[in-house]
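Student: Right, I'll just put the structure down here and ask away after.
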Amino acid sequence: MNAGHTPGYLLKKINEALCSAFPDQTELEMMVLFELNINLNEVASGGNLKAIVYKLIMYCQAYNQLEELIDRALKQNQNNAKLKAIEENFKITTSLINILITLEKKMLRQMQKSYRNCCPDCQNQIPKTFYEILEKLDDIHIHKRNNDEKFIVKFVDHLLVNGNIPNSEAEQLKQWLEKNANDISNLLVYKQTTEPKGLKQFSFKVVTVNRRGAIINRESQQARYFTQNLGNGVDLKMVYIPKENFLMGSPESEKGSDGSERPQHQVRIQPFFLGKYQVTQAQWRAVAKLPKVKRDLDPDPSEFKGENRPVERVTWFDAVEFCDRLCEYTATEYRLPTEAEWEYACRAGTTTPFHYGETIRSKLANYGASSIYAEEAQGEFRKETTDVGRFPPNGFGLYDMHGNVWEWCADPWHDNYEGAPTDGSIWTKDNYHTDYYIVRGGSWYDLPRYCRSASRNFFLAREFIFSIIGFRVARAVG
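Structure below.
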């Protein structure tokens, strides 16, 4: 095993374990001489015991003998708890590092997302490197002190399911799981048989920006989808959104947020499909020609005309009728997304104000960019909708989740998240605003604060129409 990639925190723990096992330097000298044929005075002389052990560790690491050093030390101290723990930890961690270290640069964002998913209590403390992730996982497992699956195992499981791991490394990770998991039948990667079959795959680039709006990362991603034919050359692309836990709402420290976005709370989202784009005028017209279910639909309601522009000036009832007609046409369940589903899909694993990062720019979204959110420059205020798909997508492969048009959700308005469901379902209980429903995402007209992933400042009567209101559709899996 190549132990050259051993993180500093693990080297420190090895040092502590060896010092606890050999508090007498003479005993340490004898062990390394007889077990490893190493003269301690030649490779690690001078200093206190901790310094000597550190030099010994560095020597063994350089000659690929670190695992052997730990094994031989444990052989002579079989009841030493620290040595027992570090032996298992070392083998598990270094074998994982050997698989993943070369992927860190292009997959760090996915690694961070997997860390958030398996450690939902640590949402606001996201490590900045792969080694930091491993250290945090190790610390969390120690502090939990339970018999649950190791957090590093959960991390790998989430990464395999939700990350785009190259085939070679993916196979190595599966073997790693089979060797190191308590029960592989409980892991997500071995429960994927329920994922829909026959989905197509598409690739895209995800960008991340800093507070100045400068792109600091570009990452290749893939997502799966199916195409629903609407007739006459018009189709509807539906993207598969995997199940996961996420932290809904915003912290008080987030600029532009308010009390309606709190308290933050964990929500478990089941898998579903969501429109790759906001419903376009071409799609609207195709469905408007289908047989009526409950109400008539104006085939051309939009103020800003264009086949590939989002449909707008549609009420909540119109959007529901659109879904109902699709249900009848396809014999499957189409609907509006719940508010929780919408935010989960918008975030795509991020915890920043926007899925792009700390801010947005007019090169990334269509909104009132003459106003700024963080430290970015003023941008172009277009004063109208734009074609869907013009700007970069989020990590799920969804376009225009920030701006262009507000999107109707299935939920009625609630003043805050007190008592909100945690399963992603429609929130109908304790509803005191029976005719006011949620729209999400902001529009071409709105300030950037209203386009944030968590923003829910806008709620409307269901019969309200305006050129800033549209929607996208969801569909159940199965």
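In the working numbering, the protein residues as written are 10 to 487.
Ideal Cβ placement from N, Cα and C applies to all residues, glycine included.
1. W351 to C418, Cα distance in whole Å?
2. Using the rule of at least 16 other Cβ atoms within 10 Å of the residue's Cβ for burial, across every protein chain shown, is A429 buried or exposed?
3. Look at I224 and V216 and say whether their C-beta atoms are less than 8 Å apart.
4. Since E144 and Y63 are thought to touch, with beta carbons under 8 Å apart, how far apart are those beta carbons, to the nearest angstrom?
5. Using only the alpha-carbon positions, how far apart do R484 and C332 sit?
6. Kindly list the residues whose CB is nearer than 6 Å to the CB of E178, restricted to its own chain and excluding five residues on each side of it in sequence; keep chain order.
7. Buried or exposed, going by whether 16 or more other CB atoms sit within 10 Å of the CB of R334?
8. Does the beta carbon of E178 come closer than 8 Å to any beta carbon on chain D?
9. Distance, Cα to Cα, R1 vs E180?
10. Sort G406, P421, A354 and E367 by Cα distance to F326 and report the nearest one.
11. Can you tell which of T102, C336, R322 and P280 has its C-alpha closest to the C-alpha of Q290?
12. How would you call T103, buried or exposed, if buried means at least 16 neighbouring beta carbons within 10 angstroms?
13. By a C-beta neighbour count over all protein chains shown, 10 Å radius and 16 as the cutoff for buried, is K206 buried or exposed?
14. Counting only the same chain and skipping the five closest in sequence on each side, list residues whose C-beta sits under 6 Å from that of K122.
15. Spatial neighbours of D309 within its chain, please: C-beta separation below 8 Å, excluding the five flanking residues on both sides.
16. Would you mind sorting Q292 into buried or exposed? The rule is 16 or more other CB atoms within 10 Å of its CB.
17. What first and last residue would you give for the beta strand (DSSP E) that runs through W415?
18. Is R356 closer than 8 Å to S462 when the C-beta atoms are compared?
19. Going by other Cβ atoms of all chains shown within 10 Å of its Cβ, with 16 needed for buried, is K84 buried or exposed?
20. For I447, which of helix, strand or coil comes out of DSSP?
21. T368 and P260 - do their beta-carbons sit closer together than 8 Å?
22. Could you give the distance in angstroms between the alpha-carbon of G487 and the alpha-carbon of D267?
23. Apart from the five residues on each side of it in sequence, which residues of its chain come closer than 6 Å, Cβ to Cβ, to N89?
24. How would you label S452, buried or exposed, when you count the other beta carbons within 10 angstroms and need 16 or more for buried?
25. Near C28, what residues of its chain come up, given a Cβ to Cβ distance below 7 Å and the 5 sequence neighbours on each side ignored?
26. Counting C-beta neighbours from all protein chains within 10 Å, is the total for R227 16 or more, i.e. buried, or is it exposed?
27. Just to confirm my understanding: we take F235, look at its own chain, exclude 5 residues before and 5 after, and list those with CB closer than 6 Å. What are they?
28. What does DSSP give as the partner residues of P319 in its beta bridges?
29. Taking I474 and V448 to be in contact with their CB atoms under 8 Å, please state how far apart those CB atoms are, rounded to whole angstroms.
30. Between which residues of its own chain and W185 is the CB-CB distance below 7 Å, once the five residues before and five after are set aside?
31. Compute the Euclidean distance between the alpha carbons of S229 and E113, then round it to the nearest angstrom.
32. Does DSSP classify A179 as helix, strand or coil?
33. Spatial neighbours of Q387 within its chain, please: CB distance less than 8 Å, with the 5 preceding and 5 following residues excluded, ordered by chain position.
34. Are the segment 271 to 285 and the segment 251 to 259 touching by the rule of at least three beta carbon pairs closer than 8 Å?
35. Taking all protein chains shown into account, decide if A349 is buried (16 or more other Cβ within 10 angstroms of its Cβ) or exposed.
36. Distance check for N189 and T341, CA to CA, integer angstroms please.
Tutor: A quick look at the data gives this:
1. Numbered from 1 along the sequence shown, position 342 holds the residue referred to as residue 351. Numbered from 1 along the sequence shown, position 409 holds the residue referred to as residue 418. Computed Cα separation, rounded: 8 Å.
2. For the purposes of this step, residue 429 is taken as the residue at position 420 of the sequence shown. With 16 or more other Cβ atoms within 10 Å, it is buried.
3. Counting from one through the sequence shown, the residue named residue 224 turns up at place 215. Counting from one through the sequence shown, the residue named residue 216 turns up at place 207. For the pair I224 and V216, the CB atoms are nearer than the 8 Å cut-off.
4. Here the question's residue 144 lines up with position 135 in the sequence shown. Here the question's residue 63 lines up with position 54 in the sequence shown. Contact doesn't hold; Cβ gap of about 18 Å is too wide.
5. To locate residue 484, count along the sequence shown from 1; it is residue 475. To locate residue 332, count along the sequence shown from 1; it is residue 323. It is roughly 9 Å from the alpha-carbon of R484 to the alpha-carbon of C332.
6. Here residue 178 corresponds to residue number 169 of the sequence shown, with the count starting at 1. Closer than 6 Å at Cβ, skipping near neighbours: I108.
7. Counted from its first residue, the sequence shown places residue 334 at position 325. The residue is buried, with at least 16 neighbouring Cβ atoms inside 10 Å.
8. Protein chains in the displayed structure number just one, and chain D is not present.
9. Lying before the first or after the last residue shown, residue 1 is absent from the chain, which here runs from 10 to 487.
10. Residue 326 sits at position 317 when you count from the first residue of the sequence shown. From the listed residues G406, P421, A354 and E367, the smallest Cα separation to F326 is found for P421.
11. Numbered from 1 along the sequence shown, position 281 holds the residue referred to as residue 290. Ranked by Cα distance from Q290, the first of T102, C336, R322 and P280 is R322.
12. For the purposes of this step, residue 103 is identified with residue 94 of the sequence shown, where counting begins at 1. The residue in question, T103, is buried, as its Cβ has 16 or more Cβ neighbours within 10 Å.
13. Taking the first residue of the sequence shown as 1, we reach residue 206 at position 197. K206 is exposed by the Cβ-count criterion.
14. Counting from 1 along the sequence shown, the entry for residue 122 is found at position 113. Close CB contacts of K122 within its chain, under the 6 Å cut and outside five residues either way in sequence, are with G358 (chain order).
15. Residue mapping note: residue 309 aligns to position 300 of the sequence shown, counting from 1. Within the same chain, Q290 and R294 come within 8 Å of D309 by CB-CB distance, once the 5 residues on both sides are set aside.
16. Along the sequence shown, one-based indexing puts residue 292 at 283. For Q292, the number of other beta carbons within 10 angstroms of its own is at least 16, and it is reported as buried.
17. Translated into positions along the sequence shown, residue 415 becomes position 406. Here the beta strand (DSSP E) through W415 covers W415 to P421.
18. Against the sequence shown, residue 462 aligns to sequence position 453. Against the sequence shown, residue 356 aligns to sequence position 347. In this structure, R356 lies closer than 8 Å to S462 by Cβ.
19. Numbered from 1 along the sequence shown, position 75 holds the residue referred to as residue 84. That one is exposed.
20. Taking the first residue of the sequence shown as 1, we reach residue 447 at position 438. The DSSP-derived three-state label of I447 is strand.
21. As a working note, residue 260 is residue 251 in the sequence shown. As a working note, residue 368 is residue 359 in the sequence shown. With contacts defined as CB atoms closer than 8 Å, P260 and T368 fail to qualify as a contacting pair.
22. For the purposes of this step, residue 487 is taken as the residue at position 478 of the sequence shown. For the purposes of this step, residue 267 is taken as the residue at position 258 of the sequence shown. C-alpha separation (whole angstroms): 37 Å.
23. Translated into the one-based positions of the sequence shown, residue 89 becomes position 80. Within the same chain, Cβ atoms closer than 6 Å to the Cβ of N89 are found at A30, the five residues on either side in sequence being excluded.
24. Translated into the one-based positions of the sequence shown, residue 452 becomes position 443. With 16 or more Cβ atoms within 10 Å of its Cβ, S452 is classed as buried.
25. What you label residue 28 is simply residue 19 of the sequence shown in a count that begins at 1. Closer than 7 Å at Cβ, skipping near neighbours: L58, K59 and V62.
26. Reading the sequence shown from its first residue, position 218 is the one you call residue 227. Exposed, by the Cβ-count rule.
27. To locate residue 235, count along the sequence shown from 1; it is residue 226. Closer than 6 Å at Cβ, skipping near neighbours: L208 and M247.
28. Position 310 of the sequence shown, counted from the first residue, corresponds to residue 319. Answer by DSSP bridge pairing, in chain order: T289.
29. Within the sequence shown, residue 474 is the residue found at index 465, counting from 1. Within the sequence shown, residue 448 is the residue found at index 439, counting from 1. That pair is no contact at about 12 Å.
30. By one-based count along the sequence shown, residue 185 stands at place 176. Closer than 7 Å at the Cβ level, and outside the excluded window around W185, lie S104, L105, I108 and V165.
31. Position 220 of the sequence shown holds residue 229. Position 104 of the sequence shown holds residue 113. Straight-line Cα distance between these residues: approximately 13 Å.
32. Taking the first residue of the sequence shown as 1, we reach residue 179 at position 170. Residue state, collapsed to three classes: helix.
33. Position 378 of the sequence shown, counted from the start, is the residue given in the question as residue 387. If we look at Q387 and ignore the five residues flanking it on each side, its Cβ neighbours are A378, S379, S380 and I381.
34. Here the segment 271 to 285 lies against the segment 251 to 259, with 3 or more beta-carbon pairs under 8 Å apart.
35. Against the sequence shown, residue 349 aligns to sequence position 340. Burial call: buried.
36. For the purposes of this step, residue 341 is identified with residue 332 of the sequence shown, where counting begins at 1. For the purposes of this step, residue 189 is identified with residue 180 of the sequence shown, where counting begins at 1. In this structure, the CA atom of T341 is about 41 Å from the CA atom of N189.
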